[in-house]
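This report concerns only the one structure given below.
In the numbering used here, the protein residues as written are 572 to 671.
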């Protein structure tokens, strides 16, 4: 399943997640775009999560999509800043980044 980002049909601003009104022009009509890949801009590992077992950390990354918006994604393997990744939604509808 692919990730959708949203482009304002009035001014072209591209956002994620969807919003009711465009923060740039106030427009209310959007077109959906697929965001299939992007570039890692930051990466970290969340080691302690409230309510989770202590089975290890969760690697996360900020990914600048090819469509423009930045998304936070789980990494399926370690990644470095500047790496290109493919984006998808997993069975729980979480954004997952996979290295090429």
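All C-beta atoms in this analysis are idealised placements derived from N, C-alpha and C, irrespective of residue type, glycine included.
Source: prediction; values computed, not measured.
Exercise. Take the Cβ of residue 615 as the centre, count every other Cβ of all protein chains shown within 10 Å, and call the residue buried at 16 or more, exposed below.
Key: Along the chain shown, one-based indexing puts residue 615 at 44. When all chains shown are included, residue 615 counts as exposed.
Quiz item: Taking Cβ positions, are residue 609 and residue 637 nearer each other than 8 Å?
Solution: Taking the first residue of the chain shown as 1, we reach residue 609 at position 38. Taking the first residue of the chain shown as 1, we reach residue 637 at position 66. In contact: residue 609 and residue 637 (Cβ atoms closer than 8 Å).
Quiz item: So is the beta-carbon of residue 657 under 7 Å away from any non-hydrogen atom of the ligand SAM?
Solution: You won't find the ligand SAM in this model; it holds no ligand whatsoever.
Quiz prompt | Span separating the alpha-carbon of residue 642 from that of residue 603 | solution = If you number the chain shown from 1, residue 642 lands on position 71. If you number the chain shown from 1, residue 603 lands on position 32. The alpha-carbon atoms of residue 642 and residue 603 are separated by roughly 15 Å.
Quiz prompt | Per DSSP, cross-strand counterpart(s) of residue 608 | solution = Taking the first residue of the chain shown as 1, we reach residue 608 at position 37. Answer by DSSP bridge pairing, in chain order: 657.
Quiz prompt | Sequence-distant residues of the same chain with beta carbon closer than 8 Å to residue 573, five excluded per side | solution = Position 2 of the chain shown holds residue 573. Closer than 8 Å at the Cβ level, and outside the excluded window around residue 573, lie 605, 606, 607, 658, 659 and 660.
Practice problem: Would you list the residues sitting across from residue 579 in a DSSP beta bridge? | Solution: Within the chain shown, residue 579 is the residue found at index 8, counting from 1. Per DSSP, 601.
Self-check item: 6 Å CB neighbourhood of residue 592 in its chain, flanking five on each side removed
Solution: Position 21 of the chain shown, counted from the first residue, corresponds to residue 592. So the qualifying residues of the chain are 599.
Quiz item: When the Cα atoms are used, what is the spatial distance from residue 618 to residue 589?
Solution: Along the chain shown, one-based indexing puts residue 618 at 47. Along the chain shown, one-based indexing puts residue 589 at 18. Cα to Cα, the separation comes out at about 29 Å.
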